[in-house]
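K.L.:
Residue numbers (my numbering): -1 to 337.
1. Would you grab the beta carbon distance between residue 216 and residue 268 for me? Rounded to a whole angstrom, and I think it's under 8 Å.
2. Could you tell me how far apart the beta carbons of residue 92 and residue 75 are, in whole angstroms, since I believe they sit closer than 8 Å?
3. Does DSSP put residue 22 in a helix, a strand or coil?
4. The alpha helix (DSSP H) spanning residue 325 covers which residue range?
5. Are the Cβ atoms of residue 204 and residue 182 separated by less than 7 Å?
6. Take the Cβ of residue 52 as the centre, count every other Cβ of all protein chains shown within 10 Å, and call the residue buried at 16 or more, exposed below.
7. How many Å lie between residue 196 and residue 94 at the Cα?
8. Pull up the DSSP beta-bridge partners for residue 76, would you.
9. What residues are listed by DSSP as bridge partners for residue 159?
10. Counting Cβ pairs, one atom from each stretch, are 3 or more of them under 8 Å apart for the segment 253 to 265 and the segment 303 to 316?
11. Using the Cβ count rule (16 or more neighbours within 10 Å means buried), how would you classify residue 293?
12. For residue 258, count the other beta carbons within 10 Å of its own beta carbon; 16 or more makes it buried, fewer makes it exposed. Which is it?
13. Here's a check: name, in chain order, each residue in its chain whose Cβ is nearer than 7 Å to the Cβ of residue 270, leaving out the five neighbours to either side.
14. Compute the Euclidean distance between the alpha carbons of residue 48 and residue 160, then round it to the nearest angstrom.
15. Residue 44 by DSSP, collapsed to three states: which one?
16. Use the C-beta contact count for residue 307: other C-beta atoms within 10 angstroms, 16 or more gives buried, fewer gives exposed.
17. Let me check understanding here. Comparing Cα to Cα, which of 323, 290, 317 lies closest to residue 284?
18. Which residue from 128, 64, 281 puts its Cα closest to that of residue 245?
19. In angstroms, rounded to a whole number, what distance separates the CA positions of residue 309 and residue 166?
20. What does a CB cutoff of less than 8 Å around residue 225 pick up in its chain, not counting 5 residues either side in sequence?
21. Do you know offhand how far residue 81's Cα is from residue 72's?
22. Would you identify the three-state DSSP class for residue 222, choosing helix, strand or coil?
23. Drop a sphere of 10 angstroms on the beta-carbon of residue 117, count the other beta-carbons inside from all chains shown, and report buried for 16 or more, exposed for fewer.
24. Is residue 309 helix, strand or coil by DSSP?
25. Determine whether the beta carbon atoms of residue 145 and residue 206 lie at a separation below 7 Å.
26. With DSSP as the reference, please indicate the residues paired to residue 107 in a beta bridge.
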């Protein structure tokens, strides 16, 4: 409402609401009333407008974002864009965006030092300073100016040239950002049961680092330190649940979400390269513990190894420390031979 009031030259939000015939704050306004206030066709307005879907979700450009991820108090802007457009952009409110792709970092402070908030009396000034926002100097560059993940994110919002990333393209956009951050977290800290909270700039660095690994289609380098640390802590990695060796990665909702199939395949391939044997499913592999197999067949480990050698299957059986793992199909053949 602050944005609409300022960009249309109305003296107050009350004047805006009077113009559209809605004095009470509502979560969703009639596009026809809004279009009348903006002086455009309702179908055109409805296509571009933000739309409240539920009380906790907002839809923009076909993507859904949780409102608890959008800062409803402080606002960030690109002074150069504000000077040229005399308007703000919705993506500036999303935590996944830290820079304007054309002009550099967004700023959340006025020239006088006060934070910019959505309670400011006007879109273009803070409450204590008459200087317009577009006179602000550019924010200092806190990190690299080349941010491929943010370019990808803006491309999916329709705000820049689309950049395909097959691993993430089928996932909801906020979920794709979470995946990139999680992979970046593994690269940063290795094995951990949870991803530590950090400031926004650090989260942005994690996303960029993780996205580069995902875009290259190789996460084995990210997994190697985590797997080594897990093995050092536990002494072994159960092939029944190889995902456990990646700690908090096992809790990524994207692994169970529609559109996460390619991500699962990539993680299986990367984890398999690190473990040294194929992983076909992150939660269930096609290998069984050798000691369990021997007990199931009613023979000793020495007898099991002899049978594996005689059948030419020993090369198919990976080891970890002093443990032997047997492919499920080989176990079935041994059972059949035992009668």
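Each residue gets a CB set at the ideal place from its N, CA and C atoms; glycine is no exception.
Please read all numbers here as calculations on a predicted model, not as lab measurements.
P.N.:
For this structure:
1. Stepping through the chain shown from its first residue, residue 216 is reached at position 218. Stepping through the chain shown from its first residue, residue 268 is reached at position 270. The pair is a contact, with the Cβ atoms about 7 Å apart (cut-off 8 Å).
2. As a working mapping, residue 92 is identified with position 94 in the chain shown. As a working mapping, residue 75 is identified with position 77 in the chain shown. That pair is no contact at about 13 Å.
3. Here residue 22 corresponds to residue number 24 of the chain shown, with the count starting at 1. With a pLDDT of 48 at residue 22, under the threshold of 50, the predicted position of this residue should be treated as unreliable, though the coordinate-derived value follows. If DSSP states are grouped into helix, strand and coil, residue 22 belongs with coil.
4. Working through the chain shown from its first residue, we reach residue 325 at position 327. Counting along the chain, residue 325 falls outside any alpha helix (DSSP H), though it belongs to the beta strand (DSSP E) covering 321 to 325.
5. Reading the chain shown from its first residue, position 206 is the one you call residue 204. Reading the chain shown from its first residue, position 184 is the one you call residue 182. Yes.
6. On the chain shown, position 54 is the one that residue 52 refers to. Any reading at residue 52 must be qualified, since the residue scores a pLDDT of 47, below 50, and its modelled position is unreliable; the value itself is stated next. When all chains shown are included, residue 52 counts as exposed.
7. Taking the first residue of the chain shown as 1, we reach residue 196 at position 198. Taking the first residue of the chain shown as 1, we reach residue 94 at position 96. The alpha-carbon atoms of residue 196 and residue 94 are separated by roughly 14 Å.
8. Position 78 of the chain shown, counted from the start, is the residue given in the question as residue 76. DSSP output for residue 76 lists no bridge partner at all.
9. Start at 1 with the first residue of the chain shown, and residue 159 comes out as number 161. In DSSP, residue 159 forms no bridge with anything.
10. no
11. Here residue 293 refers to the residue found at position 295 of the chain shown. So residue 293 ends up on the exposed side.
12. As a working note, residue 258 is residue 260 in the chain shown. So residue 258 counts as buried.
13. By 1-based counting over the chain shown, the position of residue 270 is 272. Only 276, 277 meet the Cβ criterion.
14. Counting from 1 along the chain shown, the entry for residue 48 is found at position 50. Counting from 1 along the chain shown, the entry for residue 160 is found at position 162. Since pLDDT at residue 48 reaches only 46, below the 50 mark, its modelled position is unreliable, and no value is offered.
15. For the purposes of this step, residue 44 is taken as the residue at position 46 of the chain shown. Caution is warranted here: a pLDDT of 47 is assigned to residue 44, below 50, making its placement in the model unreliable, and no coordinate value can be reported.
16. Mapped onto the chain shown, residue 307 falls at position 309. Burial call: exposed.
17. Taking the chain shown and counting its residues from 1, the one referred to as residue 284 is at position 286. It is 323 whose Cα lies nearest to the Cα of residue 284.
18. Residue 245 sits at position 247 when you count from the first residue of the chain shown. When only C-alpha atoms are compared, the closest one is 281.
19. Against the chain shown, residue 309 aligns to sequence position 311. Against the chain shown, residue 166 aligns to sequence position 168. Distance between the alpha carbons of residue 309 and residue 166 is about 43 Å.
20. By one-based count along the chain shown, residue 225 stands at place 227. The answer, listed in chain order, is 189, 235, 243, 244, 269, 272, 273.
21. For the purposes of this step, residue 81 is taken as the residue at position 83 of the chain shown. For the purposes of this step, residue 72 is taken as the residue at position 74 of the chain shown. If you take the alpha carbons of residue 81 and residue 72, they lie about 20 Å apart.
22. Residue numbering aside, residue 222 sits at position 224 when the chain shown is read from its first letter. Reduced to three states, the DSSP call for residue 222 is helix.
23. Residue numbering aside, residue 117 sits at position 119 when the chain shown is read from its first letter. Residue 117 comes out exposed.
24. Along the chain shown, one-based indexing puts residue 309 at 311. Note: residue 309 maps to coil in three-state DSSP.
25. Sequence index remark: in the chain shown, residue 145 carries index 147 (1-based). Sequence index remark: in the chain shown, residue 206 carries index 208 (1-based). Yes, they are a contact pair.
26. The sequence position of residue 107 within the chain shown is 109, counting from 1. Paired residues: 113.
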